[in-house]
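For the record, in the sequence shown the residue sitting at position 74 is 1513 according to this note's numbering, with numbers rising by one throughout. Ideal Cβ positions, reconstructed from N, Cα and C, are used throughout, including at glycine.
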Amino acid sequence: EQKNATLVRAYLGYGRLETLRQCEAVNALYDQLWVYYNLFQPVLHQVSKEIVDGKLRRRWDRAQTPYQRLLTSGALTPEQEARLAALYAATNPRRLREDIYRAVEQLWQQADQRKEAAVSGNISK
């Protein structure tokens, strides 16, 4: 639920999405969010936690994207590394973020249209 709060809930809130078209739109949005957050959004990881003079002191490592952490871990095969590098090079983060905002807006417009149709009695399943 922690990541849902930062990713899914931050973009979609707690509203109800009911149609197959909305489900497909959310899945497409997840694909875009995956690329944006894993390749371009740096994350802090906690390195240590200790109590000093009765206060909790936390230490964090340098902020890196999950993509950068994966590259430095050495866990990737050369093919996987090449695929991710190609995806990184081909993606414009600003345009991707604009596309994400546009997709969220369209998703909620679909939900609003469905509500309006339900109120007027012209709803199709």
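Local Cβ density within 10 Å of residue i, reported as buried at 16 or more and exposed below that
{"i": "VAL1543", "result": "buried"}
{"i": "ALA1464", "result": "buried"}
{"i": "LEU1468", "result": "buried"}
Local conformation of residue i per DSSP, three classes
{"i": "GLU1565", "result": "Limits of the chain in this structure are 1440 at one end and 1564 at the other, which puts residue 1565 out of reach."}
{"i": "GLU1463", "result": "helix"}
{"i": "GLN1480", "result": "coil"}
{"i": "LEU1472", "result": "helix"}
{"i": "THR1445", "result": "helix"}
First and last residue of the uninterrupted beta strand (DSSP E) at residue i
{"i": "ARG1496", "result": "1494–1499"}
{"i": "GLU1489", "result": "1485–1491"}
Whole-angstrom distance between residue j and residue i, CA atom to CA atom
{"i": "GLN1485", "j": "ARG1496", "result": "11 Å"}
{"i": "ARG1455", "j": "GLN1548", "result": "13 Å"}
{"i": "ARG1522", "j": "GLY1452", "result": "33 Å"}
{"i": "ALA1502", "j": "ALA1529", "result": "23 Å"}
{"i": "GLN1545", "j": "LYS1494", "result": "47 Å"}
{"i": "GLN1471", "j": "ASN1477", "result": "10 Å"}
{"i": "LEU1608", "j": "ARG1536", "result": "Absent from the model: residue 1608. The displayed extent of the chain is 1440 to 1564, so no value can be given."}
{"i": "GLU1457", "j": "ALA1525", "result": "36 Å"}
{"i": "ILE1539", "j": "ASP1492", "result": "45 Å"}
{"i": "PRO1505", "j": "PRO1532", "result": "15 Å"}
{"i": "VAL1447", "j": "THR1511", "result": "28 Å"}
{"i": "LEU1515", "j": "TYR1527", "result": "15 Å"}
{"i": "ILE1490", "j": "ASP1500", "result": "18 Å"}
Range of the contiguous alpha helix (DSSP H) that encloses residue i
{"i": "ARG1448", "result": "1448–1451"}
Tell me the start and end of each unbroken alpha helix (DSSP H) in the region 1503–1538 that is at least 4 residues and wholly inside, in chain order.
-> Whole alpha helix (DSSP H) segments, 4+ residues: 1505–1512, 1517–1529.
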